[in-house]
Amino acid sequence: MTHDQMANALLPAVVVAPIVVACLLLALGRRLDRPTIDVVAIATSAAVATADGVLLSAAGNHRLVAWLGGWRPQHGASVGIVFVGDQVGVGAALVAGVLMTCALAYSWRYFENIHVNFHALMLLFLAGLTGFSLSGDLFNMFVFFELMGVAAYALTAVKVEDPTAVHGALNFGVINSLGAYISLMGIGMLYAATGQLNLALLSRALTARGPDVLVVVGFVAVATGFLVKAAAVPFHFWLDDAHAVAPTPVCVLFSGIMVELGLYGVARLYWVAFSGTLEAGTIQRLFVVLGVVTAVVGSVMCLLQRHLKRLLAFSTIAHTGMFLIAVGSLNPVATAGTAVYVVGHAAVKSVLFLCAGVLLNRFGSVDEFTLQGKGRDARLTGIVFMLAGLGLAGMPPFAVGLGKVMAEEGVVRAGLWWGPVLFLLVAAATGGAVLRVGARVFLGIGRGPGAEEAGAMSGDEEKRELATGMTRLPVTMGIPLTALLAAGAIVGLLPGFGDQAALAAGRFAGRAGYVAAVLDGTTSYGASPAASAGWSVEGIVLCLASVGAAALVALLGLYGTALPRQILAVLRTARPALHMMRSVHSGHIGDYAAWLLFGVGGIIVLAMLPP
Amino acid sequence: MYPYVVAGAILFLGVIGIARSRNLVHAVVCLAVAQSGTYVLLLTVGYQRGATAPIFQSAPEKAGYAATLVDPVVQALTLTDIVVSATVTSMLLALAVQIAKRHDTVDPDELRSLRG
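Residue numbers (the numbering used here), protein chains in the order written: chain A, 6 to 616; chain B, 108 to 223.
In structure tokens:
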């Protein structure tokens, strides 16, 4: 098969196949037994991941372009649907496929009372994630955005008898849908301004038109919807609610790839359609401001949690903040670093969520203090959890560390000299919080809850998925745990991975190449300067420093109440601020809608202010 | 300009409705109101005064009224949008029913399970 035929066949197939299998499962589900359904779902998802892998290796040589049904643009107008695969887009789809396979394998023994609905929803979710990564026009981005959204709301509430789950799912659904509608408003405005929905045609039309108010507001509106998915503050409130209540295998996909795809959507939109139109300085300021606020709020809230899954959710928010800063610096090396970071983060964060699921099924709680010392005999889970915590803090050779090194180098090159300091603090706070929980649960050390922790949302409410507690770790749960952890480390050690990522990021940011590939069929990447990026001595020192700082944060969390009285008195002055930040996360849908409105206003102001 | 203001106002009112809602069913309907802002916007983008519906039996160039058709693309988008709306609204209303069963209330002010 030639390169074109393969792209034409496989690009749509990775989106269509999971949808078809999901429909078949729903139609035949009542006649199938649970193992058959599991095998079919896992096999489909593994096949999609394999196809993504094939596409990724092909995308290393050429951009892959598939016009569905051969509806190519005529006379500068297009009503056809186009899928475009470059390394970043196909890479995102591959991460989704691998995580989905692991999550489905893990679900085999994790759930007792689910049937075909769960598997069908997971496959539809996979189709949404994959379609969003590959979509080459705005309206289909919206459609796949909604497909993954609706599947995600339903998956959050899969345990309908759990009061917190239905509440979290409703918050998630309302806020994400509002974001999607604001996006659609923006798509309407851009269509009004240019008459195009295809990203490549839009790019040409916008470059010819130049920036005016309609175009800027259109960009802000579309980006807002994607930023809601990416959980940028103040659009992030749905994330901690949804993660705290969704079943563990679902959280893996939420934290590992769905949130990051929001960011991918913004970056794709900017680089392909708007990078020739909007002023780079304004965009940089917008994303860096959002990123800093997101990173700070996420880190602080992460430290304040005792509900393990909620803690991991806030750590994801903090990391999104870092990604926003790195992508928003508009430096190719920083973008490459973000891509590597996202891969590494997906691996270790998934491991942490899967460990939380093991704890839940065994002890019926995900509360740090309820579980204190209970995990002493769960050696494998404990070791994996602590290693993943170290990985989250940036420990070499985990890919998180490699991504951090590259992102730091990139943001410094872009003139954000304070970037590495902030990255170190965020890595220390989020890694430290995870290590603190790990030490309490698996080693049994540390003191009881202080005044601040006692007021936090408890992790005892979460319902376990099995009628009787699980005593041994089933092999279908152990393999995804260890495999994902190993993958996180191996990716960080792959020779030349950093260089490839830098090359891919350069191509991702290349507007002219994308437009030419989609419209003129010149899919080759063209000569690009040899990029070199990877581990560096300063980078490794910074990584080790953040691991050390994380250990310090963990110790403070464990024995903080034993500090001398004078120091505690000083620390207590921060309490009103922390209390306020905590009370803002109220679980109240009205508050969240108000924050959303406030955020949209803030973004418009940031985008309109002269640089 | 005028249709943009109307569409924006509908969306804005929907969000305000959610922000001030005392009943989850009301909040979900407000979400549907917010979405109708997008219908208005999409339809006005494609509207032309005096133009006919984009339905024809032969190629429009031959029939000679290519210049006086409203834009069919945005109408297709609106239809897709309505399908999305139906999915999301029914899904969220089902969740509201479940919340009423599990929490014995549909007032967001009384839902306290997800704080801090």
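Cβ atoms here follow ideal geometry from the backbone N, Cα and C, with glycine treated the same way.
Would you call the segment 81-100 of chain A and the segment 506-524 of chain A in contact, with 3 or more CB pairs under 8 angstroms? Yes, the segment 81-100 of chain A touches the segment 506-524 of chain A.
Chain-ordered chain A contacts of threonine 145 of chain B [CB-CB under 8 angstroms]: Chain A residues near threonine 145 of chain B: Tyr186, Leu189, Met190, Gly193.
Is the CB of proline 454 of chain A under 7 angstroms away from at least one CB in chain B? Judged by the 7 angstroms Cβ criterion, proline 454 of chain A is not in contact with chain B.
Compute the minimum distance between the beta carbon of alanine 419 of chain A and the heavy atoms of the ligand NAD, and state whether it is under 6 angstroms. No copy of the ligand NAD appears in this structure; indeed no ligand is present at all.
Using a Cβ distance threshold of 8 angstroms, determine whether the segment 147-163 of chain B contacts the segment 167-177 of chain A, with at least three qualifying pairs required. When Cβ pairs closer than 8 angstroms are counted between the two stretches, the segment 147-163 of chain B is seen not to touch the segment 167-177 of chain A, the count staying below three.
Just grab the DSSP bridge partners of threonine 159 of chain B for me. Threonine 159 of chain B is bridged to B:Leu176.
Below 8 angstroms on the Cβ atoms is my guess for alanine 46 of chain A versus methionine 153 of chain A; work out the distance and round it to an integer in Å. About 17 angstroms; that fails the 8 angstroms criterion.
Three-state class that DSSP yields for histidine 67 of chain A in the structure shown: The answer is strand: DSSP assigns histidine 67 of chain A an E or B state.
Counting Cβ pairs, one atom from each stretch, are 3 or more of them under 8 angstroms apart for the segment 67-85 of chain A and the segment 221-235 of chain A? The segment 67-85 of chain A vs the segment 221-235 of chain A: no contact.
Pull the bridge partners of tryptophan 72 of chain A from the DSSP assignment, please. In DSSP, tryptophan 72 of chain A forms a bridge with A:Val87.
At which residue ranges does the segment 166-212 of chain A contain complete alpha helix (DSSP H) runs of 4 or more residues, listed in the order of the chain? Listed in chain order, they are 168-199.
Interface residues of chain A facing methionine 198 of chain B [CB-CB closer than 7 angstroms]: Those within 7 angstroms of methionine 198 of chain B in chain A are Val155, Tyr158, Ala159, Gly178.
For phenylalanine 144 of chain A, return the contacting residues in chain B, with the cut-off set at a CB-CB distance below 8 angstroms. Within chain B, the residues whose beta carbon sits less than 8 angstroms from that of phenylalanine 144 of chain A are Leu184, Thr187, listed in sequence order.
Based on DSSP bridge pairs, tell me the residues matched to alanine 82 of chain A. Within the DSSP secondary-structure output, alanine 82 of chain A pairs in a beta bridge with A:Gln79.
Kindly confirm or deny that the segment 341-356 of chain A and the segment 385-399 of chain A touch, where touching means at least three C-beta pairs closer than 8 angstroms. A contact between stretches requires three or more CB pairs, one per stretch, nearer than 8 angstroms, and the segment 341-356 of chain A meets this requirement with the segment 385-399 of chain A.
Chain-ordered chain A contacts of proline 215 of chain B [CB-CB under 7 angstroms]: Within 7 angstroms Cβ-Cβ: His593, Ile594, Gly595.
Distance, valine 250 of chain A Cα to threonine 161 of chain A Cα: Looking at the two C-alpha atoms, the distance is approximately 7 angstroms.
Return the chain-ordered ranges of every alpha helix (DSSP H) run that is complete within the segment 248-312 of chain A and spans a minimum of 4 residues. 253-258, 264-273, 285-309, all fully within the segment 248-312 of chain A.
Name the residue from A:Val439, A:Lys409, A:Val442 whose alpha carbon lies nearest to the alpha carbon of leucine 427 of chain A. Sorting A:Val439, A:Lys409, A:Val442 by C-alpha distance to the C-alpha of leucine 427 of chain A places A:Lys409 at the top.
Which residues mark the beginning and the end of the alpha helix (DSSP H) in which glutamate 413 of chain A is found? Taken as a continuous stretch (DSSP letters only), the alpha helix (DSSP H) holding glutamate 413 of chain A covers 404-418.
Short CB-CB distance (under 7 angstroms) between threonine 159 of chain B and chain A: No, no contact with chain A.
I need the DSSP call for aspartate 211 of chain B, collapsed to helix, strand or coil. For aspartate 211 of chain B, the three-state secondary structure derived from DSSP is coil.
Own chain residues within Cβ distance below 7 angstroms of serine 192 of chain B, not counting five before or after: Excluding sequence neighbours, serine 192 of chain B sits near Ala139, Gln142.
At what residues does the alpha helix (DSSP H) containing proline 485 of chain A begin and finish? Taken as a continuous stretch (DSSP letters only), the alpha helix (DSSP H) holding proline 485 of chain A covers 480-498.
Kindly say whether valine 195 of chain B, judged by its beta-carbon, lies nearer than 7 angstroms to any beta-carbon of chain C. You won't find chain C in this structure, because its protein chains are A and B.
Contact set between arginine 156 of chain B and chain A, taken where Cβ atoms lie within less than 9 angstroms: Under the 9 angstroms cutoff, chain A gives no residues; its nearest Cβ is about 16 angstroms from arginine 156 of chain B.
Any contact between the segment 432-445 of chain A and the segment 373-381 of chain A? By contact I mean 3 or more CB pairs, one from each, below 8 angstroms. Enough Cβ pairs lie closer than 8 angstroms, so yes.
Roughly how many angstroms lie between the CA atoms of threonine 49 of chain A and arginine 577 of chain A, to the nearest whole one? Approximately 54 angstroms between the Cα atoms of the pair.
Run through chain A and tell me which residues come within less than 9 angstroms of histidine 133 of chain B, C-beta to C-beta. Those do not exist, as histidine 133 of chain B stays about 11 angstroms from chain A at its closest Cβ, beyond 9 angstroms.
So, are the CB atoms of valine 233 of chain A and glycine 184 of chain A less than 7 angstroms apart? Yes, Cβ-Cβ distance for valine 233 of chain A and glycine 184 of chain A is below 7 angstroms.
In chain A, which residues lie less than 7 angstroms from valine 152 of chain B when you measure between Cβ atoms? Annotation: Cβ neighbours of valine 152 of chain B in chain A (cutoff 7 angstroms, chain order): Gly193, Tyr196, Ala197.
Which residues in the same chain as threonine 527 of chain A place their Cβ atom closer than 8 angstroms to its Cβ, once the five residues preceding and following it in sequence are excluded? Taking threonine 527 of chain A as the centre and dropping the five residues before and after it, the same chain places the C-beta of Ala521 closer than 8 angstroms to its C-beta, in chain order.
Under the rule that 16 or more other beta-carbon atoms within 10 Å means buried, what is serine 588 of chain A, buried or exposed? Label assigned to serine 588 of chain A: exposed.
Could you check how far apart the C-beta atoms of threonine 55 of chain A and alanine 98 of chain A are, in whole angstroms? I think they sit under 8 angstroms. With a Cβ gap of about 12 angstroms, threonine 55 of chain A and alanine 98 of chain A do not count as contacting.
Going along chain B in order, which residues have a C-beta closer than 9 angstroms to the C-beta of methionine 263 of chain A? Residues of chain B passing the Cβ test: none, with the nearest at roughly 17 angstroms.
Kindly list, in the order they appear in chain A, the residues whose Cβ is closer than 7 angstroms to that of isoleucine 125 of chain B. The contacting residues are Val179, Ile594, Gly595, Ala598.
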